Each structure stands twice: as structure tokens, then as C-alpha cells.
Amino acid sequence: MATWTRNRWKKLLGLILLPVVLLAMLRWFECRNVYHPTATLWGEPGVLGKPVEEVWLTTRDGVRLNGWFFPAATNSRRRHLAVLHSHGNGGNISHRADVAETLLDAGVNVLLFDYRGYGRSAGRPSEEGTYRDAQAAYAWLREHGFAPTNIIAFGESLGGGVATELALREALGGLVLQSTFTSVPDLGAELFPWLPVRWLASIHYNTRAKLPRVHVPVLFMHSRADTLIRFPHAERNYAAANEPKLFHEIAGDHNDFLEAGRDEFIAGFERFVKGLEGQHSLQRTGQAARTTGAASNPSPPTAP
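Counting from 20, one number per residue, gives the positions in the sequence shown under the numbering used here.
See the structure below:
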């Protein structure tokens, strides 16, 4: 009788623990598929042979992060602009040196930063954690003299979800979403159709749902040849966004967009920045007109 009772309790305990173990395994699987941090840097900050400053950031919850700041050329007419680059889910900032170099060619300053758990940054990655990491990078730019309207949040892949949230939490001059998904559950359902991803997901980065609340100019860049985050993600994100907005197609697969089409990439960014410059010019003109009484209702800024 005692043996039978013990066996019964064991079975009952097993039935209770089984869903707990399965849920823990699913959470581990989810985290492993969303975040692929690399601790070892591919190169040091000076890998580009350009002026650079290694920076250290501290988030509001006390996590120490590493970043690289590349100043714009001293003779650049865009040296007042700074691109805050949020990278994708793999590697670290050293793997984005080519992106920084390309953006520098547009005449802007560039700040790369590693999320917690990536590169030399402390901690472990999480959705809320990456949002706080981007805010710490933003705060560094503000402390170093960049006005909110002169900061462009640039999100690559997963970083698009981070940059979109930053646009809701902080004032920005513009937002760039490159090769970005609508949400992690949407992407997960495509990659793992045999799993109930939408029911079980705890990591969301719901870019599409947030875009209607973003009220700064947005640039969408995506390739039709992207086999990881497919082109319809960008189309749905674009449809959800407010004006002013711009859609620019780039070339190549998800991770070789510069090798396959650097010119297309920089052309899209140039179009966007020129639009921002035109918008700011219109705002200044309208402000001057109101001052002189020449126009009481200046025209609204046009889309970039």
C-alpha cells in the first residue's frame, strides 16, 4: 500500500513538473533564437583607420555597455547629425564597422553600441534590457551636445524593434528601419510553423503595432532577396507608419546588403537625410515668416 502511494505521488509530481520543464525549455529555445551575442570582437575600434572614441555607457538599471563613436569629418555640413545604430541579433559592434564606414561617407556622426551581453557589454540580453541600452546610448549623445532633432535612430533587423521603441520613449529627428520584421512572433511563426509561437512568445519587439504611435519621419530599407526577414514584413511596417515616410529597396540577402548593393544602401539613406534637411529648412522658414508676420499659416513639411 505504501509503495503504491509513493508511485502515485511520483506520477502526480511528474505530471505537475512536466509542463514547467517544457515551458522552461521553450523559453530557452526562444531566447537562443532571438539573441546570438558574440563576446569576441572582430577588430578594435580603430579598425577603419578613422577617428574613433571607445565609449562606456551605464544604463538606468546599472548595466555597463561598450560603444564606438565615429565623429563626422570636421568639414562636413552634416556634423551636427548623429546616427544611433542599433544592430541585429548576432555578433557585436565590431561586425558593423562596414555599416559605420558607409554612414560616415554620408557626412554624419555614428554611434555603435552593444546590447547587454554582446561584445564587451555586461549583463544578459532581454527585450526590456535592449530598450534601456538604446536609451543609454541616446543619453550619451544628448550629453555630448546633440539635439534630439539631430539624432537619427537606425535599427538593423532586430535593432529595428529597439529603435522603434526608442522613438516612443525619446525625442528624435528620424527613424530608419533596415531589414526589420513586423514582430518576433510573426517571424517565429514563419520560421517554426510547427510551434504555437504566437501563444507562447514572451519576446515581442512588436514594431508594426508601435509604428502608428511614432511621429517622426521614417525610412524603410529592405531587399526583396532577403530570405530571413521577407519583404512583406517591410511592406506591412510601411503601411502601418505615419507620414512622412519613405520606402527604399536595397539589394542582397539579409546579411550581405552592403556587399550586394552598397550604392543602393547609401542612396536610400541620402534621400532620407536630404528630406530631413528640407523639412528642417521649411520649419525654419515658417518660423521666420511668423516672426515677420509674412505668413500666419506656413505650409506643413513635405515627406522626405
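Glycine included, each C-beta is placed from N, C-alpha and C at the ideal position. None of the values given here were measured: they were computed from a predicted structure.
inquiry  = Let me make sure I understand the geometry here. Which of His234, Gln197, Tyr224 has the alpha-carbon closest to that of Ser176?
reply    = Here the closest residue by C-alpha is Gln197.
key: Reference His241, options Leu103, Val235, Gly271, Arg217, closest by Cα   = The residue with the shortest Cα to Cα distance from His241 is Gly271.
request  = Quick one: measure Cβ to Cβ for Trp61 and Ser113, integer angstroms, because I've assumed they're closer than 8 Å.
outcome  = Contact flag correct, Cβ pair sits at about 4 Å.
task = Ignoring anything shorter than 3 residues or poking outside the stretch 181 to 237, list the beta strand (DSSP E) runs there in chain order.
result = Within the stretch 181 to 237, the complete beta strand (DSSP E) runs of at least 3 residues are 193 to 197.
ask   = Between Val129 and the rest of its own chain, which residues show a CB-CB distance below 7 Å, the 5 nearest in sequence each way excluded?
value = Within the same chain, Val129 has close Cβ partners Phe89, Val102, His104, Ala119, Leu122, Leu123.
task = Give the straight-line distance between the Cα atoms of Asn256 and Val237, rounded to the nearest whole angstrom.
result = Taking the straight line joining both Cα atoms gives about 10 Å.
key: Helix, strand or coil at His55 according to DSSP, with G and I counted as helix   = If DSSP states are grouped into helix, strand and coil, His55 belongs with the strands.
query = Can you tell me whether Glu184 is buried or exposed, with buried defined as 16 or more other CB within 10 angstroms of its CB?
reply = Glu184 should be labelled buried.
task = Classify Ala156 as helix, strand or coil using the three-state DSSP reduction.
result = DSSP places Ala156 in the helix class (H, G or I) of the three-state scheme.
Inter-residue Cα distance where the pair is Ala258 and Arg97 = One C-alpha to the other measures close to 30 Å.
query = Going by the C-beta, is Thr246 closer than 6 Å to any heavy atom of the ligand FMN?
reply = What this structure holds is no ligand at all, so the ligand FMN is not there to describe.
ask   = Name the DSSP beta bridge partners of Gly13, please?
value = A question about residue 13 goes unanswered here, because the residues of the chain that appear run from 20 up to 323.
message = When you compare the CB positions of His267 and Gly294, do they come within less than 7 Å of one another, or not?
response = The criterion of a C-beta distance shorter than 7 Å is not satisfied by His267 and Gly294.
request  = Might you give, ordered along the chain, the residues of its own chain that have their beta carbon closer than 7 Å to the beta carbon of Asn108, omitting 5 neighbours on each side?
outcome  = Same-chain partners within the cutoff: Val53, Tyr54, His55, Ser176, Leu177.
message = At the level of alpha carbons, what is the spacing between Ala43 and Ala92?
response = Because the pLDDT of Ala43 is 49, which lies under 50, any placement of that residue in the model is unreliable, and the question is left without a value.
query = What is the rounded straight-line gap between the Cα of Trp47 and the Cα of Ile269?
reply = Confidence at Trp47 is low in this model, with a pLDDT of 44, below 50, so its placement is unreliable and no value can be given for it.
inquiry  = One question on the structure: do Thr149 and Val181 come within less than 7 Å of each other, judged by their Cβ atoms?
reply    = Yes, Cβ-Cβ distance for Thr149 and Val181 is below 7 Å.
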